[in-house]
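Notes for the one structure printed next.
Protein chains: 4
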Amino acid sequence: MISGPKLFHGIWESIANRGRDLLAKRLVVPETPLIPMCRELLTERGEASGMALGLEIAVRYQRLTAAQTEGFFQSLLGKEFLPEPAIVNAAAEDYREHPGSETLATLVAAAEPLRQELFRRINLAPGGTGILIAMRSDLLRLLPTHPELKPIDADLRHLLASWFNRGFLHVGRIDWKTPAMVLEKLIEYEAVHEIEGWDDLRRRLADDRRCFAFFHPLLPQQPLIFIEIALTHGTASSIQKLLDRSPKTQLPADADTATFYSISNCLEGLRGISFGNFLIKQVIAELKTEGLKIRTFETLSPMPGFREWWKRLPEKRRDTLATAREQDFLQALEARDWHQNAQLCAFVKPVLLRLGAQYLMRERAGGRTLDAVAAFHLGNGAAVERLHFLGDRSEKGMSRSFGLMVNYSYRSSRLERNHEDYVKHGRIAASSEIKALLQKASLGSPSVQEK
Amino acid sequence: MISGPKLFHGIWESIANRGRDLLAKRLVVPETPLIPMCRELLTERGEASGMALGLEIAVRYQRLTAAQTEGFFQSLLGKEFLPEPAIVNAAAEDYREHPGSETLATLVAAAEPLRQELFRRINLAPGGTGILIAMRSDLLRLLPTHPELKPIDADLRHLLASWFNRGFLHVGRIDWKTPAMVLEKLIEYEAVHEIEGWDDLRRRLADDRRCFAFFHPLLPQQPLIFIEIALTHGTASSIQKLLDRSPKTQLPADADTATFYSISNCLEGLRGISFGNFLIKQVIAELKTEGLKIRTFETLSPMPGFREWWKRLPEKRRDTLATAREQDFLQALEARDWHQNAQLCAFVKPVLLRLGAQYLMRERAGGRTLDAVAAFHLGNGAAVERLHFLGDRSEKGMSRSFGLMVNYSYRSSRLERNHEDYVKHGRIAASSEIKALLQKASLGSPSVQEK
Amino acid sequence: MISGPKLFHGIWESIANRGRDLLAKRLVVPETPLIPMCRELLTERGEASGMALGLEIAVRYQRLTAAQTEGFFQSLLGKEFLPEPAIVNAAAEDYREHPGSETLATLVAAAEPLRQELFRRINLAPGGTGILIAMRSDLLRLLPTHPELKPIDADLRHLLASWFNRGFLHVGRIDWKTPAMVLEKLIEYEAVHEIEGWDDLRRRLADDRRCFAFFHPLLPQQPLIFIEIALTHGTASSIQKLLDRSPKTQLPADADTATFYSISNCLEGLRGISFGNFLIKQVIAELKTEGLKIRTFETLSPMPGFREWWKRLPEKRRDTLATAREQDFLQALEARDWHQNAQLCAFVKPVLLRLGAQYLMRERAGGRTLDAVAAFHLGNGAAVERLHFLGDRSEKGMSRSFGLMVNYSYRSSRLERNHEDYVKHGRIAASSEIKALLQKASLGSPSVQEK
Amino acid sequence: MISGPKLFHGIWESIANRGRDLLAKRLVVPETPLIPMCRELLTERGEASGMALGLEIAVRYQRLTAAQTEGFFQSLLGKEFLPEPAIVNAAAEDYREHPGSETLATLVAAAEPLRQELFRRINLAPGGTGILIAMRSDLLRLLPTHPELKPIDADLRHLLASWFNRGFLHVGRIDWKTPAMVLEKLIEYEAVHEIEGWDDLRRRLADDRRCFAFFHPLLPQQPLIFIEIALTHGTASSIQKLLDRSPKTQLPADADTATFYSISNCLEGLRGISFGNFLIKQVIAELKTEGLKIRTFETLSPMPGFREWWKRLPEKRRDTLATAREQDFLQALEARDWHQNAQLCAFVKPVLLRLGAQYLMRERAGGRTLDAVAAFHLGNGAAVERLHFLGDRSEKGMSRSFGLMVNYSYRSSRLERNHEDYVKHGRIAASSEIKALLQKASLGSPSVQEK
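Chains as they are written, first to last, in my numbering: chain A, 6 to 456; chain B, 6 to 456; chain C, 6 to 456; chain D, 6 to 456.
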């Protein structure tokens with residue numbers, strides 16, 4: 006079996022409540038293979054059987070071995086789950102001759118694969134939505150080696166995107182009053198800065214912290230994506246300080262800054278159906294209703310590709326960005342625990358800040374921002390605000406970005422304009438501090454500087 | 006303006022909570038026509054503006070006059086909301102040459118009208134789902150005179166069917182503890198036996214009654230379809246007795262029968278996206294969990310086309326179904342208050358019962374059951390159980406079916422089989438009582454009987 | 006039976022949920038009189054029987070006739086529900102000789118009547134609290150003719166005051182989303198300005214209105230006291246305008262005033278356990294959280310004793326307060342529809358305002374404010390703000406106060422001081438407008454004015 | 006400071022919600038001692054100040070050092086919080102001369118200490134109930150060394166008993182969907198078999214387990230007492246098996262027995278206000294509604310005094326209960342890990358079972374059952390059902406009862422009778438198995454057996 010048990014929580018809860026009886030009545034021939042059951046579900050009678058058959062398929066699906074799962078998807082490619090080509094072609098011909106709203110509608114209807122109807126009927130079962138998400142998660146794992154399965158992914162994605170339309174999601178606050186069943190999912194899914202058990206979790210939900218998630222009405226105990234926030238006085242410059250588990254956890258009376266320090270997706274099966282940008286904006290709105298005096302909303306973000314970028318930079322380009330001496334010192338950062346060398350730090354700090362600004366603001370590949378995290382926040386309309394030397398001293402942080410971190414600031418009044426500037430013209434909004442770093446960067450051509 | 010205010014309740018509630026600020030900021034140029042706003046919503050920037058623009062469109066839509074509404078729909082037919090024919094044709098060509106899952110997926114993607122994306126973005130606004138339902142309601146009213154608008158209906162219906170997939174609905178019990186905002190909708194939408202104000206409503210929610218509805222998580226105060234039930238000892242044979250507003254409303258200790266006496270859809274904009282059959286089955290399941298001793302689940306239903314059928318029957322066919330004398334007496338039923346004539350009643354009772362059985366069980370038009378109510382219940386797998394002479398003495402009942410009513414019985418163990426028999430083979434399940442009536446009907450050829 | 010059915014709603018709901026089975030098992034000997042059952046409830050075994058016996062007593066109590074109810078209370082006076090005098094006297098003697106905390110505690114424990122324990126055990130039954138409230142309601146009706154029952158009232162009141170300690174109540178907003186079961190209680194209990202059915206009620210819960218109630222966790226569907234509020238721009242000067250059922254019910258964008266126009270107690274059985282003052286203060290706090298721009302919080306109140314006071318005033322005192330001519334005109338107000346006589350109105354308006362101020366501010370009986378409504382608001386720390394000529398043109402208003410109404414203003418910052426001034430020194434806070442009227446009143450001695 | 010922080014959770018939550026503003030306005034003179042503030046709270050003005058002053062007292066109380074806490078209670082003994090002796094004596098005299106309901110009521114009213122009113126007013130503050138529970142908890146710790154404080158305890162207990170009247174409590178199911186804030190209290194308060202962190206807790210809330218608690222509406226996140234249950238097929242004979250953290254946690258399809266294996270009180274401040282007996286009965290009722298096939302409801306209980314009893318038994322009595330040889334073997338149980346000696350086990354098993362039955366069924370001190378756990382369950386009407394040799398192999402279990410455990414069975418139909426038999430006549434209900442053991446016990450006189 007490919008899919009882990011976690012994705013099925015939702016299903017089993019529902020079954021516990023409603024489906025047990027249904028199951029008790031149906032599960033008589035445990036050996037029936039899945040595909041014939043899917044075929045039956047698509048018949049008149051299958052529809053009439055209501056949720057029972059869909060539930061059975063959901064349960065059976067879970068018990069498949071990895072090989073069987075793959076076989077199941079291969080079968081779904083079969084003709085029986087596709088429309089009659091003759092009918093599609095006729096509709097296409099009709100449209101070609103009389104292109105218009107009506108012929109188009111006919112064509113679309115004719116071309117819809119039966120798989121979509123199958124998935125819709127599975128969705129009728131208690132927990133059906135959860136099983137479809139699990140199916141897609143399995144499928145995504147198979148795709149790299151089985152690209153022929155892509156059309157199934159297209160169908161699943163089409164349906165899930167429709168059902169997880171952002172208009173159907175609501176923001177929920179997560180704190181120590183939240184059910185344990187939801188909280189343990191934070192521990193499980195935190196992707197940026199791992200949560201080490203319940204004590205760590207509790208600290209992240211203390212009085213000076215906030216946590217919000219998107220929920221879908223059909224998966225009430227399942228966060229889809231969540232965001233962790235620290236409320237502080239002034240800017241947070243070090244992730245280690247934020248993650249510190251010291252017991253001083255009261256909300257500072259003078260808190261004026263909300264730092265978004267982690268955002269994690271929960272369900273692999275919803276990959277590509279993104280709502281992270283919406284979450285940040287709604288969370289800012291929520292925080293504003295709380296009556297606190299928060300004025301600054303910004304992230305404390307990693308720069309996951311910074312070091313890699315520098316390493317892979319052609320020598321020529323490197324030479325335009327840093328002096329030979331600087332490059333030597335950067336080389337010294339290969340050593341373990343270099344950050345405990347104060348002298349070295351003093352020297353490389355301005356160099357790293359300058360190169361960090363260059364990396365975020367100017368480097369592109371095929372017209373795109375190199376850094377995935379930057380691309381996400383800039384696409385949301387945020388601005389590059391501030392770089393923090395040794396903002397992340399963890400092994401991961403040191404190895405990915407020499408410990409550099411960055412604040413992206415979210416200013417409601419500028420989000421739309423920034424977004425448009427970025428998406429249409431590739432212009433990146435930045436603070437004057439960052440712009441100043443860039444100027445140094447452009448001056449940093451070896452010939453000029455080395456004098 | 007075409008659409009009544011009722012459909013917008015949902016929207017206005019949401020706006021009250023979340024959208025007021027959004028609106029306050031945006032609604033600056035009240036004269037901008039709708040279509041350019043829709044166009045903007047489809048741009049990058051439009052998406053980034055989040056819910057604000059969608060909300061504005063929703064609000065503006067509501068203020069349209071009838072003429073403007075029609076104009077709006079006509080504009081939605083425009084090319085800008087359709088895909089490029091060249092792209093669609095190319096994809097169709099590709100599919101024709103290499104029919105398969107993948108080329109089909111490309112074709113479907115290419116052929117999707119932009120209108121669908123537009124509607125999806127409107128759905129992001131607070132209350133957006135409500136406005137789309139209202140739009141479709143308006144559209145359905147325009148369709149008879151404007152058949153060219155059908156493709157828009159196809160798009161709306163496609164999306165709404167997806168979002169109102171029955172897996173997303175939940176059954177809610179409605180009683181005197183239900184919010185007034187929901188209850189007043191029962192008064193508004195009851196389509197079978199009108200509710201005359203709050204006292205009447207209260208009686209229908211008393212201890213010996215049940216009322217259930219389907220709700221969608223996005224429209225929490227809006228029943229989609231509801232069903233009214235009376236719990237009695239023995240069969241309910243007269244709708245007037247059930248609707249009686251006498252104060253004796255305690256649940257009888259020996260209640261053994263649940264009579265479904267009314268089922269009403271609420272939202273015209275969801276027409277054709279039916280869930281009535283699911284509701285009945287789930288309600289039976291709910292009633293079983295209550296710990297009562299209900300064993301019989303049946304409807305008390307009108308036969309809306311019975312009299313009309315008889316009136317329009319060719320003389321020849323009439324003669325095979327009733328003797329001349331019987332026909333004379335049936336003629337007498339044109340008189341007002343004929344049911345107060347005991348002698349007449351005694352004579353026509355067996356005739357009406359016999360003809361009623363004939364009408365329900367044997368009469369078809371184009372292979373279909375004549376009676377729409379019968380078609381619904383038989384399609385669900387119910388059986389024709391019993392006919393009630395003068396079961397409905399209301400003016401409506403007398404004029405549509407000479408007062409005849411019918412019980413359709415729902416027996417869980419037989420629903421699937423009955424459904425299949427009916428849908429595949431046109432066989433109708435019936436009690437022996439009904440079958441006996443049919444035998445008399447077949448004997449009723451004038452030549453034989455009149456002797 | 007004395008008690009109306011309404012008080013038992015709470016009980017019956019609970020019974021429906023939990024107690025039916027209990028009842029089914031117990032109610033075997035329907036003729037057992039109540040008192041022996043109460044005796045049994047006080048035994049070891051009675052306590053062990055848990056809620057069943059208490060529930061039975063509750064049910065039986067309800068079925069008593071008026072005569073039986075009185076008999077029941079008389080029996081509760083019996084020795085078996087009182088402590089042993091010898092024990093009480095010994096404890097009292099002990100205390101007298103060694104007065105102190107400990108001997109006092111012994112005395113209090115010795116003197117507690119067994120009735121209190123009886124009531125506590127009845128309270129364990131589902132709905133027990135409701136039945137005790139109903140008992141006290143019955144008892145209060147009997148007290149005027151049966152003063153000997155006072156000690157029972159003392160016990161019930163002691164317990165109810167403890168259980169309805171204001172710390173246990175919470176403010177709930179009531180609007181059109183509130184369950185019908187709660188809403189119908191507003192119609193039933195509104196004591197100040199009758200609610201005429203559901204349409205009237207709906208108007209009072211419209212967008213420009215607010216309604217709040219105190220609820221107790223044990224009676225979730227039962228408001229204890231509720232208050233009705235209109236949000237307007239500027240002061241509300243006429244109750245008829247507020248009660249007008251016109252459809253214009255949107256919240257004015259410039260609303261700055263919250264007018265508390267009605268406050269009603271719901272449960273007679275809680276008489277004397279007042280929480281009205283707390284409700285007003287908490288409601289003001291609630292309104293402030295709503296984000297509206299309300300700055301003025303005031304009542305629009307009747308002056309129920311004004312006309313009566315004037316009528317009964319000794320001639321001599323009258324002569325010091327109004328000229329002969331003024332008195333003649335006031336006499337003319339005995340005529341029906343005098344308020345349609347514009348000339349008469351013009352003349353009596355200043356006279357009524359002056360006398361109204363005199364009545365509210367200066368008239369006392371035994372040191373107490375004459376007007377009960379005034380006494381309530383002044384005791385809360387409110388100030389007399391403004392008088393409205395013909396503020397209430399209803400028959401009731403005209404006959405009790407010549408149509409005069411008054412605003413009492415609640416200013417948070419002054420409530421404590423005003424309260425103390427009023428309670429300790431009898432000083433009444435008033436606006437300069439009211440004070441100016443008073444000065445005219447003091448000038449109004451006939452000898453001076455009539456010249 | 007005496008009181009631990011845990012008792013104040015409730016308070017701080019409430020303050021977070023409602024009281025922050027109140028506090029912000031009031032806490033100006035942080036050095037004012039508590040007693041003058043209490044005095045002020047008892048004045049007219051104090052009452053008018055509403056919750057603010059009570060809240061301040063609550064907050065200040067928490068900050069007291071241990072010495073200050075004691076001083077605070079000593080001050081509460083002062084005359085200012087007691088009634089005037091003259092008034093009490095006069096009322097007592099009056100009652101002595103005219104003993105009756107009315108004079109008694111006057112006496113009770115006169116004798117009530119002002120402290121009660123003080124506590125009532127503190128209860129008005131947000132979280133006030135929590136602070137009073139904390140006060141009593143502190144007080145109970147002081148009582149052994151400060152018996153003079155008893156009268157304060159009497160007052161607090163009187164009020165808390167009234168407010169925590171069992172009619173106000175509701176049973177809540179606790180499972181993995183319960184808020185973490187509640188769950189962590191289980192870990193904190195479990196008194197019988199310690200919960201070792203969140204994983205252990207999770208296992209105790211798995212599918213084959215149940216956990217219920219009593220909650221009070223005023224302390225929504227605070228269980229008052231909770232009970233842990235295992236659902237098994239057949240009797241649970243070993244607590245270690247129940248506490249095993251293996252992952253097999255599905256509810257067995259053939260579960261027929263509910264074993265109550267732990268019951269723990271949470272709030273020391275409610276000591277003596279017991280509701281454990283009610284909880285067990287209500288939990289049985291809850292379990293019956295679940296639709297499972299549980300027929301047996303029994304505990305798996307420790308026998309905490311068994312070994313101690315045997316050790317302290319006079320030699321003479323010992324000799325009547327066990328042969329010399331048996332006594333020698335029992336002596337061998339002083340060795341560590343004796344239970345790994347199979348031969349020894351085989352010999353002592355029947356002896357321990359016999360003595361265990363003797364201990365539970367026949368041994369008394371001053372007419373009372375020796376074993377506190379037995380006394381609780383027998384008082385509830387349970388029966389001694391079965392003894393388990395080595396039912397508890399933990400160190401605690403071995404040292405307190407040689408590892409013996411006992412099932413007490415709860416049979417609804419017999420609870421009342423058993424309770425009465427036990428309380429009135431000292432008769433203990435037991436299974437035939439236990440009775441058989443007793444017969445052996447009585448035969449166990451050395452003279453007879455040793456032959």
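Built from N, CA and C at the ideal position, the CB exists for glycine as well.
Taking the beta carbon of residue i as the centre, do at least 16 other beta carbons fall within 10 Å, making it buried, or is it exposed?
i: Q348 (chain C); result: exposed
i: I439 (chain C); result: buried
i: E313 (chain C); result: exposed
i: H163 (chain B); result: buried
i: S414 (chain D); result: buried
i: I244 (chain B); result: buried
i: P319 (chain D); result: exposed
The beta strand (DSSP E) that contains residue i, what's its start and end?
i: Y364 (chain B); result: Taken as a continuous stretch (DSSP letters only), Y364 (chain B) belongs to no beta strand (DSSP E), being part of the alpha helix (DSSP H) at A347 to R367.
Is there a C-beta anywhere in chain A that falls below 8 Å from the one on residue i?
i: T294 (chain D); result: no
i: M186 (chain D); result: yes
Residue i CB to nearest chain D CB: under 8 Å?
i: E438 (chain C); result: no
i: K182 (chain A); result: yes
i: Q227 (chain A); result: no
By the DSSP assignment, the alpha helix (DSSP H) with residue i in it spans what residues?
i: H424 (chain A); result: S417 to H430
i: A96 (chain B); result: P90 to E102
i: S269 (chain D); result: No alpha helix (DSSP H) contains S269 (chain D), which is instead part of the beta strand (DSSP E) from T262 to N270.
i: I157 (chain A); result: K155 to W168
i: I127 (chain C); result: L119 to I127
DSSP state of residue i, grouped into three classes?
i: S251 (chain D); result: coil
i: P152 (chain B); result: helix
i: L392 (chain D); result: strand
i: N385 (chain C); result: coil
Assuming residue i and residue j form a contact by the criterion Cβ under 8 Å, report the distance between their Cβ atoms to the nearest whole angstrom.
i: L87 (chain D); j: S399 (chain C); result: The pair is not a contact, with the Cβ atoms about 53 Å apart (cut-off 8 Å).
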